[in-house]
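Here the structure is laid out as structure tokens; the discussion comes afterwards.
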Ligand code: LLP
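Residue numbers (the numbering used here): -18 to 417.
Right under this line is the structure:
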């Protein structure tokens, strides 16, 4: 985003501010789509990475579907204009009301992650007099070699079912009048930088697909999950072409539509977080730069020790700014960039070189388009930032900064609500039933 005038954006929309470049999202999407052109394929954007309606809508206009992990995300996808037959619903713990609404919405399929869940889906479909299209998430027990918190393809992780169990579930599904197994699914982890584990998983799951088809289970979709990594530092990158080739190779002899569920790859590099310096301070030898963004705005450094490059955004040298100091030539010293939250874990970068900074200086945190805003919280009663997109050289607000009044309005209403529930009688009813 070289030519973007971050100073004007920061002045207009204030900071902290998320800024996304739609052009970058388009080119990532089209690169991946192009890589799969030899086969029927559907890219279902993983909304969890960034679920702003304008981002989803933009991907929808390019032909994207949606991978959702809550009914809230399914609703977002529909509201943003994603076609229902391009929406899939994944996740290890779907609630009854979520299953019911997903079936009523007639989406493409539900990814199932346990026998218990398959049972719930069957009985809910039966009560609605519907047939539930499903896919089963297979856990191939393969080490994706990524951060343990975002590695999902080992039996020690809570996700999916093993191959034997999957087979039994497919047979159960085939024999049920209320379930139609249409797909097979795996996802071994996120921020993957090595293609080998993906290859291995695709081959293992393709073998299972062959044996299911031999059992007359009429699969249509081969869902390879998401996980393609991006460059935060010097990581090795998986080339989309090699990625697609690896999957196509595994699918030799299988006439299945490929589905993939990328999140980070599509939106990660499109986003920056603008933040202003509040203060600089030294505790002994240690230099801290305190910014108006904090771990509640960008959780990844604290949670995963993730590294996001931070750059000083130079002042624009025009008539108004003549006379301002130029920091380019000033010495860069090491510092930690930290937020105002009351925890030592609240940091955005450690031991990075920045010039001497002063109140109001602007910093830009890179590669925050994925799992930035979507993981933000109100911790310390901080208001979540505004979000802006850049398209054809113009900026457009896609979410307002939260406001304090709406943040507390529900609590405030209830503060003066005198309605109570008598727990005494529930307690005594319970103890009677235990006694009897
Ligand atoms: N499909 C499934 C079933 C997933 O669990 C995930 C991510 C994706 C697709 C999309 O993965 P992606 O293409 O974005 O890697 N908060 C963490 C990432 C958590 C990923 C969870 N699952 C982070 O900030 O790194």
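C-beta atoms are modelled at their ideal positions from N, C-alpha and C, and glycine is treated no differently.
This structure is a prediction, so every number in the text was calculated from the model and none was measured.
Compute the distance between the beta-carbons of residue i and residue j, then report whether it is under 8 Å.
i           : j           : result
residue 349 : residue 259 : no
residue 368 : residue 354 : yes
residue 55  : residue 86  : yes
residue 28  : residue 57  : yes
residue 111 : residue 84  : yes
residue 312 : residue 40  : no
residue 95  : residue 165 : no
residue 1   : residue 243 : no
residue 80  : residue 105 : yes
residue 53  : residue 38  : no
residue 363 : residue 275 : yes
residue 223 : residue 176 : yes
residue 30  : residue 245 : yes
residue 240 : residue 160 : no
residue 225 : residue 184 : no
residue 370 : residue 35  : yes
residue 92  : residue 69  : yes
residue 425 : residue 200 : Not covered by the structure: residue 425. The range shown for the chain is -18 to 417.
residue 427 : residue -3  : What the structure shows of the chain is the stretch from -18 to 417, and residue 427 is not part of that stretch, so it cannot be assessed.
residue 16  : residue 221 : yes
residue 478 : residue 283 : Since the displayed the chain opens at -18 and closes at 417, residue 478 lies outside it and no answer follows.
Give me the Cα-Cα distance between residue i and residue j, rounded to the nearest whole angstrom.
i           : j           : result
residue 305 : residue 379 : In this prediction, residue 305 scores a pLDDT of 48, lower than 50, which makes its location untrustworthy; no coordinate-derived value is stated.
residue -10 : residue 3   : 16 Å
residue 141 : residue 190 : 16 Å
residue 19  : residue 186 : 20 Å
residue 155 : residue 324 : 52 Å
residue 365 : residue 357 : 7 Å
residue 9   : residue 100 : 38 Å
residue 277 : residue 234 : 48 Å
residue -16 : residue 152 : 57 Å
residue 339 : residue 257 : 9 Å
residue 107 : residue 147 : 22 Å
residue -5  : residue 174 : 35 Å
residue 90  : residue 114 : 5 Å
residue 300 : residue 328 : Model confidence at residue 300 stands at a pLDDT of 46, short of 50, so the residue's coordinates are unreliable and nothing is read from them.
residue 168 : residue 389 : 38 Å
residue 98  : residue 45  : 27 Å
residue 204 : residue 399 : 51 Å
residue 315 : residue 289 : 16 Å
residue 238 : residue 372 : 32 Å
residue -14 : residue 285 : 31 Å
residue -1  : residue 88  : 31 Å
residue 82  : residue 195 : 33 Å
residue 403 : residue 394 : 21 Å
residue 122 : residue -7  : 50 Å
residue 321 : residue 24  : 39 Å
residue 48  : residue 13  : 16 Å
residue 120 : residue 227 : 19 Å
residue 406 : residue 392 : 27 Å
residue 208 : residue 287 : 16 Å
residue 211 : residue 281 : 14 Å
residue 118 : residue 157 : 18 Å
residue 171 : residue 359 : 25 Å
residue 361 : residue 193 : 52 Å
residue 302 : residue -12 : For residue 302, the predicted structure reports a pLDDT of 47, less than 50, and the residue's modelled location is therefore unreliable. A value from the coordinates is still provided. Spanning the two alpha carbons is a distance of roughly 12 Å.
residue 271 : residue 319 : 5 Å
residue 385 : residue 22  : 44 Å
Just checking: is the beta-carbon of residue i within a distance shorter than 8 Å of some beta-carbon in chain B?
i          : result
residue 59 : Of the chains in the structure shown, none is chain B; there is only one protein chain.
TODO: Count the CB pairs spanning the segment 286 to 294 and the segment 340 to 354 that are closer than 8 Å, and state whether there are at least three.
DONE: Short answer: they touch.
TODO: Determine contact between the segment 205 to 223 and the segment 261 to 273, defined as no fewer than three beta-carbon pairs at a distance below 8 Å.
DONE: Counting Cβ pairs under 8 Å, fewer than three are found: no touch.
Task: Stretch-stretch touch, CB-based, cutoff 8 Å, three pairs: the segment 326 to 334 with the segment 240 to 253 - done: Verdict: no, contact absent.
TODO: Mind the definition here: the segment 265 to 274 touches the segment 71 to 84 only if three or more C-beta pairs lie below 8 Å; say whether that holds.
DONE: With fewer than three CB-CB distances shorter than 8 Å, the segment 265 to 274 does not count as touching the segment 71 to 84.
Task: Start-end ranges of the beta strand (DSSP E) lying completely within the segment 330 to 415, minimum 3 residues - done: Positions of the beta strand (DSSP E) runs, each at least 3 residues long and wholly inside the segment 330 to 415, are given as 343 to 346, 367 to 372, 375 to 380 in order along the chain.
Open item on the list: Restricting to runs no shorter than 3 residues, where is the beta strand (DSSP E) found entirely within the segment 195 to 229?
Closed with: The beta strand (DSSP E) runs of length 3 or more contained entirely in the segment 195 to 229 are, from start to end of the chain, 202 to 204.
Task: Completely contained beta strand (DSSP E) runs for the segment 85 to 112, where each covers 3 or more residues - done: Segments of the beta strand (DSSP E) lying fully in the segment 85 to 112: 90 to 93.
Open item on the list: Please give me, in chain order, every unbroken run of the alpha helix (DSSP H) with length at least 4 that falls completely inside the segment 37 to 75.
Closed with: Correct list: 52 to 60.
- [ ] Please list the segments of the beta strand (DSSP E) lying wholly inside the segment 155 to 201, counting only runs of 3 or more residues, in order along the chain.
- [x] Fully enclosed beta strand (DSSP E) runs of 3 or longer: 160 to 166.
Open item on the list: As an exercise, report each continuous alpha helix (DSSP H) stretch of at least 4 residues that is fully enclosed by the segment 258 to 302, in chain order.
Closed with: Complete alpha helix (DSSP H) runs here, min 4: 281 to 285.
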